[in-house]
Every structure is written in structure tokens, then in C-alpha cells.
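**Student:** Residue numbers (this note's numbering): 2 to 89.
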């Protein structure tokens, strides 16, 4: 572990949740559920949710027959996707 992070530096945490609509206005609950699962995983490795502040998260939205699947992932201390380039 790095002194800056309680989470394992080489770890990648990921979580998914489904939304039963293809309208982006209806995806909030699924994104919140996936983010909550992501936080639970990292906290089991002694990370605190505050470690997500300022960190890049990767989100992939996959179309399903009835809506979408929201996939979130986080690699603590990973590359800064916001610093130039296309990222992720």
C-alpha cells in the first residue's frame, strides 16, 4: 500500500448496475448503485471513500435489450485520464 492510499495501488475495483431505460435521465439510480458497490469494495481494502475525491473513474455504458448496463472502475493512483489526451 502507498502512504497516500489505503487502497492497494495495483488494485482495480469495478462494479456494474442495470437501468431499465435507454434515456440518460433515468440512469442516476444505476450509477449510484454501481458507485456504492465500488466504494464498498475499496473500503474492504481499508480505503476510505474520500480517496475517490479528484480521482478519475472509468465509466462504460453498454446497451442492453431493455436499457443499459453501467460499468464503473477505479484504479487508485492510476493514470490521470484528465491530463491531456483522450484518456481511458
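Using N, Cα and C, we set each Cβ at its ideal position, and we do this for glycine too.
Between the beta-carbon of residue 33 and the beta-carbon of residue 17, is there less than 8 Å?
**Tutor:** Not closer than 8 Å, so no.
**Student:** Give me the Cβ distance between residue 15 and residue 50, rounded to the nearest whole Å; I'm assuming they're in contact under 8 Å.
**Tutor:** The Cβ separation is near 16 Å, so there is no contact.
**Student:** Within 10 Å of its beta-carbon, does residue 25 have 16 or more other beta-carbons around it, so buried, or fewer, so exposed?
**Tutor:** That one is exposed.
**Student:** In or out: residue 86 buried (at least 16 other Cβ within 10 Å) or exposed?
**Tutor:** Below a pLDDT of 50, predicted positions are generally treated as unreliable, and residue 86, at 44, falls in that range; no measurement from the model is reported.
**Student:** Ends of the alpha helix (DSSP H) at residue 43?
**Tutor:** Start and end: 29–44.
**Student:** In whole angstroms, give me the CA-to-CA distance for residue 60 and residue 52.
**Tutor:** Between residue 60 and residue 52, the C-alpha separation is close to 18 Å.
**Student:** With a 10 Å radius around its C-beta and 16 neighbouring C-beta atoms as the bar for buried, classify residue 13 as buried or exposed.
**Tutor:** With fewer than 16 other Cβ atoms within 10 Å, it is exposed.
**Student:** Report the residue from 64, 37, 22 whose alpha carbon sits nearest the alpha carbon of residue 74.
**Tutor:** Looking at the Cα atoms, 37 is the closest of the given residues.
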